[in-house]
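Everything in the sequence shown is counted per my numbering, starting at 98 for the first residue and increasing by one.
Every residue gets a Cβ at the ideal spot worked out from N, C-alpha and C, and that includes glycine.
No experiment lies behind these values; they were computed from the predicted model shown.
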Amino acid sequence: MKLLLVEDHQELAANMISFLTQENYICEWVKTVTLAKEMLEMFEYDVVLLDLTLPDYSGLHLLEYIKQNDINSKVIIISAQNSLDYKIKGLDGGSDDYITKPFPLPELHSRIKAVTRRNSANSKDDLLVYNEISIDLNSMECKVDEQVVVLTKKEFNLMVYFINNKNRVLSKQAIALHLWGDYTYNLDNVDFIYQHLKNLRKKIVDAGGTDYVKTIYGLGYKWTE
Numbered sequence: 098m099k100l101l102l103v104e105d106h107q108e109l110a111a112n113m114i115s116f117l118t119q120e121n122y123i124c125e126w127v128k129t130v131t132l133a134k135e136m137l138e139m140f141e142y143d144v145v146l147l148d149l150t151l152p153d154y155s156g157l158h159l160l161e162y163i164k165q166n167d168i169n170s171k172v173i174i175i176s177a178q179n180s181l182d183y184k185i186k187g188l189d190g191g192s193d194d195y196i197t198k199p200f201p202l203p204e205l206h207s208r209i210k211a212v213t214r215r216n217s218a219n220s221k222d223d224l225l226v227y228n229e230i231s232i233d234l235n236s237m238e239c240k241v242d243e244q245v246v247v248l249t250k251k252e253f254n255l256m257v258y259f260i261n262n263k264n265r266v267l268s269k270q271a272i273a274l275h276l277w278g279d280y281t282y283n284l285d286n287v288d289f290i291y292q293h294l295k296n297l298r299k300k301i302v303d304a305g306g307t308d309y310v311k312t313i314y315g316l317g318y319k320w321t322e
């Protein structure tokens, strides 16, 4: 399951990401509404964890944007604002839940499961299949022709990212942003993704699968037949 955390408090965000990653979520983090809009335009998320007090706009502005653009993501507001007025604004504005800071991380986990369970009738969405490759998004198990392929978390996330964006050219910067978060904006060189990509391709081929990743010179990579 893929989450977008919109939170400008660095220590809180780091703690949340660490916890949620251990619970096998793919968690991406931005600090502003502007960056959140960019991410929502490029990628799909199951849940958006949204703070209300952000450096550029109120989180309610992003909530309105999500609803106006029919973005199919559940929204959980995470806010220090504990007044009834804020809760009513958030819930009436279209959020699926509202949790007040500080909160125990296991409670946040339970709330994420609760809001996504409401759409769980489509459990087939937990299985991602591309030709001979099948990926169970819940158990994080990857199979090639029914043979289990052991992937690291970064390799697993990279595989899911490629399949969900098949036939699209993905730049090295976009891949790095997806795997490591928005701090990669400050890096001049993101060639460190190459080793993860090399390992993933080798494991798939060694298991009898096809190497679908093509290098597009000067632009990035594309998952294609």
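For residue i, I'd like the list of residues in its chain whose CB is within less than 6 Å of its CB, leaving aside the five on either flank, ordered along the chain.
i: I168; result: L137
i: K99; result: I123, Y142 and D143
i: L316; result: V266
i: F259; result: W320
i: L202; result: F116
i: Y164; result: According to the sequence as given, residue 164 is Lys; it is not Tyr. Closer than 6 Å at the Cβ level, and outside the excluded window around K164, lie G191.
i: N235; result: D223
Tell me which residues share the same chain as residue i and place their Cβ nearer than 8 Å to its Cβ, disregarding the 5 neighbours each side in the sequence.
i: D308; result: R298, I301 and V302
i: R208; result: I173, D194 and I196
i: T249; result: H293 and N296
i: L160; result: L147, V172, I174, G187, G190, G191 and S192
Go to residue i, then tell me how far its beta strand (DSSP E) extends in each direction, as first and last residue.
i: G315; result: Careful: G315 lies outside any beta strand (DSSP E) and carries neither H nor E.
i: I123; result: I123 to V127
i: K99; result: K99 to V103
Report yes if the CB atom of residue i is closer than 8 Å to the CB atom of residue j, and no otherwise.
i: Y314; j: L267; result: no
i: S192; j: I173; result: yes
i: I230; j: V247; result: no
i: I175; j: L147; result: yes
i: T213; j: N264; result: no
i: H275; j: E120; result: no
i: I290; j: K311; result: no
i: L102; j: A111; result: no
i: K198; j: Y162; result: no
i: E252; j: V245; result: no
i: S170; j: V145; result: yes
Where does residue i fall in DSSP's three states?
i: L159; result: helix
i: L149; result: coil
i: Q119; result: helix
i: K263; result: coil
i: Y154; result: coil
i: G191; result: coil
i: F253; result: helix
Provide the residue(s) that pair with residue i in DSSP beta bridges, ordered along the chain.
i: E238; result: D233
i: Q197; result: A small fix is needed here, since residue 197 is Thr in this sequence, not Gln. DSSP lists S176 as partners of T197.
i: V245; result: K240
i: L225; result: I232
i: K299; result: Its beta-bridge partners do not exist; DSSP assigns none.
i: K171; result: V144
Take residue i and list the residues in its own chain whose beta-carbon comes closer than 7 Å to its own, dropping the five residues that flank it on each side.
i: Q178; result: L149
i: N219; result: Reliability fails at N219, whose pLDDT of 44 lies under 50, so the model's placement of it is uncertain and the value that follows must be treated cautiously. Answer for N219: no residue qualifies.
i: P152; result: D105, K128 and T129
i: H206; result: E120
Under 8 Å between C-beta atoms, does residue i make it to chain D?
i: I173; result: The structure shown contains no chain D, having only a single protein chain.
At which residues does the alpha helix (DSSP H) containing residue i begin and terminate?
i: G354; result: Examination of residue 354 is not possible in this model, given that the chain is present from 98 through 322 alone.
i: E135; result: V130 to M139
i: E204; result: L202 to R214
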